[in-house]
Amino acid sequence: MTQVERHTYDVVVVGAGGAGLRAAIEAREQGMRTAVICKSLFGKAHTVMAEGGIAASMGNANSNDNWEVHFRDTMRGGKFLNQWRMAELHAREAPDRVWELETWGALFDRTKDGRISQRNFGGHEYPRLAHVGDRTGLELIRTLQQKIVSLQQEDFAEFGDYEARLKVFQECTVTRVLKDGPAVSGVFGYIRESGRLFVIESPAVVLATGGIGKSFKVTSNSWEYTGDGHALALLAGAPLINMEFIQFHPTGMVWPPSVKGILVTESVRGDGGVLRNSDGKRFMFDYIPDVFKEKYAQSEQEADGWYADPATFRRPPELLPRDEVARAINSEVKAGRGTPHGGVFLDVSTRLPAEEIKRRLPSMHHQFKELADVDITAEPMEVGPTCHYMMGGVDVEPDTAAARGVPGLYAAGEVAGGMHGSNRLGGNSLSDLLVFGRRAGLHASEYVAALGTGRPAVPEDQIDSAAAEALRPFSAEASDPDLPQGQVAENPYTLHQELQQAMNDLVGIIRRAPEMEEALSRLTDLRMRSRRAGVEGHRQFNPGWHLAIDLRNMLLVSECVARAALERTESRGGHTREDHPGMDRTWRKVNLVCELSDPSGGLADTDPERGQVTLRRRDMDPMRDDLLALFEKEELLKYLTDEELAP
Amino acid sequence: MTYTAHFKVWRGDADGGDLNDYQVEVNEGEVVLDIIHRLQATQASDLAVRWNCKAGKCGSCSAEINGRPSLLCMTRMSVFTADETVTVTPMRAFPVIRDLVTDVSFNYAKAREVPAFVPPAGLKPGEYRMQQQDVERSQEFRKCIECFLCQDTCHVVRDHEENKIAFSGPRFLMRIAELDMHPLDAAAEEGLDRKVSAQDDHGLGYCNITKCCTEVCPEHIKITDNALIPLKERAVDRKYDPLVWLGNKILRRP
Amino acid sequence: MATGTTSSTESADSSPARRGVHTQGRAAIPNRHLRTDRWWVPPLVTALGLGAFVVYSTWRAFANGDYYAAPYVSPFYSPCLASNCTDMNGGADWHLFGSWWGISPALIVLIFPLGFRLTCYYYRKAYYRGFWASPPACAVAEPHATYTGETRFPLILQNIHRYFFYFAIPVAGILTYDVVLSFRDADGNWGHAGLGTLVMLVNITLIWAYTFSCHSCRHIIGGRLKHFSKHPVRFRLWGWVGRLNRHHMLLAWVSLISVALADFYVYLVASGAFDDPRFF
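Residue numbers (my numbering), protein chains in the order written: chain P, 1 to 647; chain G, 648 to 901; chain S, 902 to 1181.
This is the structure in C-alpha cells:
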C-alpha cells in the first residue's frame, strides 16, 4: 500500500481560476467542507490575463439590452453549435453574478450615474462588458480570492481555524480522479513543493482547470494550460465534446520570439486600431464574408466614421468576429505581404493622440514598451494569430454542470464544453466562469447532501497505480538497459517542444486532412517516446518531473483535437478546413464526442501505437421553440437544415 | 544578435546552497525568464522556478536579479552588456524552498488578517452606486498583481525577521488603504476603524517611508505616496490630531 | 502541505551572521547584497547635500548679523521676534520676546521651518537613507540589529508633521510680506525692484510650492474624504495639490537651495561684498 497524505472533504474543486473559486465559494456557502486545489499560488490563475471585460446584459449603457439579445449574440457567435440551454442560462444569470461581485468588494469602472460602465466588444450588439480598464480578469480573481478569505475569516471567528470549512491547497497537481465503481470518490495528486503524494477523499469533484493552449507553440495561455481537467475527465470515463474548436485570437505579439503569442487586446481595434499589410494596405476590406456584408463598412471613410457615430456608419471590418480576422491575417502573411517578423501591422499610433492611447490602453502600452521596446503611440505593432481558447471540453448537463456518465464529477469554465459552440465571443468567458462555476458548486453540494452517509470509498489499488504512474519518470532510465548509466531516456522539454510544433503546424488555424493524419502519426510517436521520458534530481519542486506528468494530459487532449478536426469535414467558427471551406448545415447539429478507447482508464496498459481516444457522432437536442422564436426565419435558414425548421 | 552570457544562479534549499555558474545562449529580444527556461531545457532540468503568464500580469516569477528584486519575465536581457555576469537569486526576505522558489506564505497569512470588505447594509446587489472619481484611488491599488516584491524589498522585514509578527508589509497596508478609501465599505458602521487598526494591528508605524516598495513595484503603483502616507495621515486623524477630533465633534460629520 | 498559512516567523537569532537576509531558512548567500550598480551614490549625495545645508544654516543662524540690507531681509531671520533685531522699516521685526533674549533671533523662528522639513515625508526618507542607512538603498542590508521604525519615542513624533504644516503657512505668509516690501527701495518708497527682489520672489514661490505639495496638506485638503463626489471643490484642490505632490522631492531640494541662496544674497549685500543691481 502506497504511503500518502490523506484528507477528507465534502467537495473538491480542482483549479483556482474564476470558475474554481466561484464553485468553491458556492459549495462552502451551501455548508460543504470544501477544498480547492491549484497548480500555482493562490491568485495567480490564468483568469488574471483576461483584459476586456465580463459580458452581462445589465443594460447600464443601453437600456435596450436584455438576456434575449445576449443569448442571440452568443448563438450567432458560436454559429449555432452552442448548447442552447447553457447559452440561455448564461445570458439570464450573468448580470446577477456581476452585481454579486460588487457586494464582495469589486470596483468596476463607472457610468456617469454611478452604475457599472459597459463597453463595446466584437459580436455584442450593445455595450455589454463590465470592465476595469484593461485588467478585468485580475479584478475578478482578486475579488473571488478576497471573498474566500472573508469566508475563512468567518470560520476563524466561529471555529478558531481559518481553514475549518474552506481550504486552498496551493501548488498541488491532481493526476487522477479516483472512483468507486461508476461514482467519484476522490482525487490523487502530488504536492509540487515537496513531491509528496496525497489523496483527498471526496464524493464530488469539480473540474475547473481551464484550457489546453500549452499544446501549441504560439499561445496566449500560461504554462498551467496543459489540459489537465480535460484529461482527468477522459481518464475518469467522462466524454469530451467539440474538441475541434479552438479559438485563435487574431492579435498576439509576434516579436520578440520570447513573447510570441502574448495577447494584444481586442480593445486596440475597438478604440480605432487598424490592420495593415506590408504594402500599407488596410486589407480587412477584402475579407468581409457575404453573411456580414450588410453590417460592415465597405470603405475606409465609412469605417472611420463609425467610431464617432455608430448610428449612421457601419462598423470597420477590423471588428469582424475573431475567427474571420485571424484567417485574414493568416492569408496576408501566406501571400507574402506580412511584416519582417511574420505578422501584420496593427497601428493605433496614427489614429489617436499619444495621451489618449496611454489612457485607454495602459497595459498594452506598458507591455509593448517593456517587452518589445515598441512605443505604440509612435509606431505600429506587429501582430499575428495566437492559440487562445478551447471551446470544447467536458460534456456536461447544462443545468447542473455535471459531467455526463460519471456521478459526482462536475466541470465549469473553459474545461466544460458546449456553451460557446464553435466560437466564443469576447467577454463571454468571464461570465461563463461565474455562472457555471456557481452552478457546479451548487449542484455538487446538492449531490453530496443527497448522498447522506453512504459515500463512495477510495480503492487502495487505484492509489497504488496512480502513485506508480506519477513516479514513473524517475525510473525511466531503469526500463531501458541499453542507455548509459545516469543518462535520461527522453528529455520532457524536447518532447513538449516537438508536440507544440506539431500541433501548431499541422492542427493549427487552417487545417488539411493529410496534415492532420501526419499529426496523428507524430502524436503516436511522441506518445511512445513519452513513456521513456525521464527526469533528473529529486521530487522537491522539480519542474522537469512536473512537465513529464503534464505531457500525458497534453498528448491525450491533442489526440482528441486532431481526431475531431480530421473528422469534421466543414469549416465553422474555430475550425477551418482548407479542403472543406464552407459551413455545412448538416454538420450544425452534430457534436463529436471523444472517449477513452480503454474505458478502464489504465493508460499504461494500452498499446501506444493504437490511439487512446475514439470518436463518435451525436446529434444535439433541438432548440426549444421559444428560443427559436427569438430569431428571424431567414437567419435560421443560414444555419439550420430545412427539416429542423419544418415544424 | 546571439551571444553566450555568463549567469550565476543560486541553487539549493533551506539547508544551504550556492551560486552556480552557467554559460548560456542569449538571443535578441529575450528576457531573463527565457534564459532560465533555456537552462532548464538544456543544462538543469530540475532548476526550480515559479512562473505563469510571462507577461507581467500574474506576479509569479519574482526573484532578485543582480541584487534587485524584479520579475524575471519583465527584465529584458538588453539591459545587460554581453560581458556582464547576471546573478539570479531567490527573494531574500522569505525562506527558500528550492532554487529560485521561496515560501511566500507570510503574505498569505497577513492577507487573512486584514478584515474583508464590509458590504453596506440595506443595499442589494445591483443597487450599488459609486462615482468614478470615488473608486479611482482604490482601483490603483487593485492593480496589484501580488508579486510580493514590495514585501521582499521592505527592510522592515527583510532585515529584521522578528518584525514579521507585527508588520504586515506594504502590500497589505495598501490593502487596508484600499478598503478605507472604498466608497461603500461599511466597516466603520460595524465598529471597525481601519485607520486605527492599520496602526495598532498591522504595524503602520514601522514604515519609515523609504519608498523601496514603490521603486520595485512592476505595476508602478505609487504605494508610498498614494497608500502608505495617506494611511499614516488617516491614522494621525484618529490618534494624534486634536484639531481634527474637535472639528469632527463640532461639525458632526459622519 | 502547501496551504499558504504556515507561519514562517521563527525565533530570531540576533547575531549578525544570522540576522536579516542571513536568517536561518532563507537562501544561504553570504553577501549583504548583490547589487552591481552604484547604489551608494544617491544616499551619499543626499547626505552631502543635507550636511552642507546644516553647516551653512547653523553658521548663519548663530551669526546674528548681516541679515538685513534694506529692503531685503534674510528668510532665516523673518519674522524677527526679539528686541535685539535690526530695525526693518515696516518689516516683520515684532519684538514679542523682549530684551531677555540675548542670542541670535533666528533661533526663535527657525524651529518651525526646520521642524516642517525635519518631519516632512520626503526628508524623512532622505535622511533615514542618507544618514541612518535604514536602509542605505533598496535590497541593501542595513547595519542595525533592531528596528522599530516610527512606532516609539522619539520617532513617533514624526506624526506631528501636520502641525508644522499649519505653522509653515503663516511663516510663508510673512516671507511673502517680506517680498512685497522688497518692491520698496531702501527709503521705503514703492516702485523698486533689484536682483534681490527677484531672488526673494523666486524663493517664496518655491517655498509656497513646497509647502502646498506637502503630503499632510494633500490629506487635509481632500485626501481624508471618503467621497470626492460630494465635495467637488475640495476634490479639485486635492487634484492640484496631488500634481504638486508628485514633485515633492524636487521642490524640497530646490526650495532648500533657494532659501540658502536668498539668505546668502542678503548676506553678500548686507556685508557690503556685493552691490544689489537695481532693475527699476
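Note that the Cβ used here is the ideal one computed from N, Cα and C, for glycine as well.
Practice task
Return the chain-ordered list of same chain residues with a C-beta closer than 7 Å to the C-beta of R1085/S, the five sequence neighbours on each side being excluded.
Solution key: P972, W1091 and H1093
### Task
Could you pull out every unbroken alpha helix (DSSP H) segment of at least 4 residues lying fully inside the stretch 550-614 of chain P, listed in chain order?
585-588
- Task: List the DSSP bridge partners of K167/P.
- Result: A35/P
**Asked** Starting from R439/P and walking both ways along the alpha helix (DSSP H), at which residues does that stretch end?
**Response** N428 to L451
- Query: So what does S172/P bridge to, in DSSP terms?
  - Reply: For clarity, residue 172/P is Cys in the given sequence; the question names Ser instead. Bridge partners of C172/P: I191/P.
**Q.** Distance, S202/P Cα to Y162/P Cα
**A.** 20 Å
(request) For V656/G, write down the residues that DSSP places opposite it in a beta bridge. (result) N667/G and V735/G
Practice problem: Give the interface partners of K790/G over in chain P, defined as CB-CB distance under 7 Å, in chain order. | Solution: R135
message = In this structure, how does DSSP classify Q152/P when only helix, strand and coil are distinguished?
response = helix
Query raised in the report: For P980/S, is the classification buried or exposed, using 16 other Cβ atoms within 10 angstroms of its Cβ as the cut-off for buried?
Result: buried
Of all the options L232/P, G237/P, I191/P and V4/P, which has the alpha carbon lying nearest to the alpha carbon of P182/P? G237/P
Quick one, are the C-beta atoms of R572/P and R588/P less than 9 Å apart?
yes
**Asked** Would you say E809/G faces chain S, with C-beta separation under 9 Å as the test?
**Response** yes
(request) Run the CB neighbour count on S975/S, radius 10 Å, all protein chains shown included, and call it buried at 16 or more, exposed below. (result) buried
query: Listing by chain order, which chain S residues have their CB less than 8 Å from the CB of E711/G?
result: L935 and A1040
Using a Cβ cut-off of 8 Å, pull out every chain S residue sitting near P737/G, in sequence order please. A928
Between R1025/S and L495/P, what straight-line distance do the alpha-carbon atoms span, to the nearest angstrom? 56 Å
Practice prompt. Compile a chain-ordered list of the residues in the stretch 48-62 of chain P whose CB is closer than 7 Å to at least one CB of chain G.
Written response: V48 and M49
ask   = Does any CB atom of chain G fall closer than 9 Å to the CB of V922/S?
value = yes
Practice task
Alpha carbon to alpha carbon, how far is A533/P from C594/P? Give it in angstroms, no decimals.
Solution key: 26 Å
Checklist entry - Under three-state DSSP, which class holds Q497/P? => result helix
For a cutoff of 9 Å on Cβ pairs, would you count I262/P as touching chain G?
yes
Review point. If you measure from the beta carbon of D304/P to each beta carbon in chain G, is any gap under 9 Å?
Key: no
Checklist entry - Taking Cβ positions only, does R572/P come closer than 9 Å to chain G? => result no
Can you tell me whether DSSP reads A1174/S as helix, strand or coil? coil
Given that S984/S touches chain G, what residues does it touch there, using C-beta distances under 7 Å? Those do not exist, as S984/S stays about 32 Å from chain G at its closest Cβ, beyond 7 Å.
For a quick check, are the C-beta atoms of A204/P and D10/P less than 9 Å apart? yes
### Query
Do A27/P and Q170/P have their C-beta atoms within less than 9 Å of each other?
no
message = Please classify V13/P as buried or exposed, where buried requires at least 16 other C-beta atoms within 10 Å of its C-beta.
response = buried
Proximal residues to W995/S (C-beta, below 8 Å), its chain only, five neighbours per side dropped: P980, C981 and L982
| task | Identify whether Y1048/S lies in helix, strand or coil by the three-state DSSP scheme. | result | coil
Considering only residues of the same chain and omitting the five flanking positions on each side of Y1028/S, which have a CB-CB separation below 7 Å?
L951
Task: Nearest neighbour of P299/P, chosen from M58/P, P321/P, V274/P and S278/P [CA to CA] - done: The question names Pro, but residue 299/P in the sequence shown is Ser. Selected option, being the one with the closest Cα: V274/P.
Host alpha helix (DSSP H) of V649/P (start-end)
The question about residue 649/P has no answer, for chain P in this structure spans 1 to 647.
Name, please, each residue of chain P whose Cβ falls closer than 7 Å to the Cβ of M721/G. E370
- Query: From F631/P to A94/P, what distance separates their C-alpha atoms?
  - Reply: 21 Å
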